[in-house]
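In the numbering used here, the protein residues as written are 13 to 272.
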């Protein structure tokens, strides 16, 4: 697999056009080749490439050019994920966005300062001077649904203003296993210990480059006491009396409603 110069022809299966964390659609679908050609005539493209194996082209726009009455619509990338969570398009969109993020961040070699370019053989960036290769790096994170009898533990984070509750989550730290990260995050954020940790699934989350590892666990001990710097509120909820939670297509939804 490799990233090659962007192609805008009929051999490309899909076109993913991004502006920041938004995606461009025409009539609710990914655009065709002709539509993309017309769009970029009057737009500044900051980066673009074609993925040689999956035959999609991804491009990032500098600004949002859609005018009123245009055939184009712009939706959050997250919404596209939710609506296409069981389709190949979800994986390809995550790959397209993730690789654009990677190319944006990997411009110069950390070893010698040389300019990086797309590798000819791998999904990587290679230094034009010392030839060192850089591969896309993911930030693994855990997300866990804690059960206590018929109730589940949900929390509302300080950075959310929409009142939404979700499963507890956090990044895996250096030297940790995913299971250790689950125990640490639950203890840090809620003062609880858990047991019977079970792997449930994964979800790519390129905002900017996370891989969510989903788990379930059972309450073991402790009194609920939140980490106020990060958590606004947490509580045990009955499944038939839930607060506002993430929608279908998210890994949190799948955990809460048993779809993993």
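From the three backbone atoms N, C-alpha and C, an ideal C-beta is built for every residue, glycine too.
As the structure is a computational prediction, the values presented were derived from the model and not from experiment.
Three-way DSSP call (helix, strand, coil) for residue i in this model
| i | result |
| --- | --- |
| residue 224 | strand |
| residue 53 | helix |
| residue 46 | helix |
| residue 126 | coil |
| residue 194 | helix |
| residue 213 | strand |
| residue 267 | helix |
| residue 201 | helix |
| residue 182 | strand |
| residue 135 | coil |
| residue 243 | strand |
| residue 20 | coil |
Residue i: first and last residue of the uninterrupted beta strand (DSSP E) it sits in
| i | result |
| --- | --- |
| residue 151 | 151 to 160 |
| residue 34 | 34 to 38 |
Any non-hydrogen atom of the ligand GDP within 6 Å of residue i CB
| i | result |
| --- | --- |
| residue 216 | Among the components of this structure there are no ligands whatsoever, and the ligand GDP is therefore not found. |
Counterpart residues of residue i in DSSP-defined beta bridges
| i | result |
| --- | --- |
| residue 15 | 63 |
| residue 206 | 231 |
| residue 142 | For residue 142, which the question treats as bridged, DSSP gives no partner whatsoever. |
| residue 163 | 160 and 250 |
N-terminal and C-terminal residue of the alpha helix (DSSP H) that residue i is part of
| i | result |
| --- | --- |
| residue 109 | 100 to 117 |
| residue 95 | 89 to 95 |
Please determine if the region 21 to 36 and the region 45 to 55 are in contact, where contact requires at least 3 C-beta pairs separated by less than 8 Å. Yes, since at least three Cβ pairs between the region 21 to 36 and the region 45 to 55 fall closer than 8 Å, the two stretches touch.
Are the region 129 to 147 and the region 229 to 244 in contact at 8 Å, needing three or more beta carbon pairs? Because the criterion of three Cβ pairs below 8 Å is not met, the region 129 to 147 and the region 229 to 244 do not touch.
Below 8 Å, how does it come out for the region 162 to 175 and the region 208 to 223: are there three or more Cβ pairs, yes or no? No: the two stretches stay apart, fewer than three of their Cβ pairs being nearer than 8 Å.
Is the region 82 to 102 in contact with the region 137 to 150, if contact means three or more CB pairs nearer than 8 Å? With the rule of 3 Cβ pairs closer than 8 Å, the region 82 to 102 does not count as touching the region 137 to 150.
Contact between the region 109 to 129 and the region 223 to 233: three or more CB pairs below 8 Å? By the Cβ test, the region 109 to 129 is not in contact with the region 223 to 233, since fewer than three Cβ pairs between them sit closer than 8 Å.
Would you say the region 63 to 75 touches the region 100 to 108, given that touching needs at least three Cβ pairs under 8 Å? The region 63 to 75 vs the region 100 to 108: in contact.
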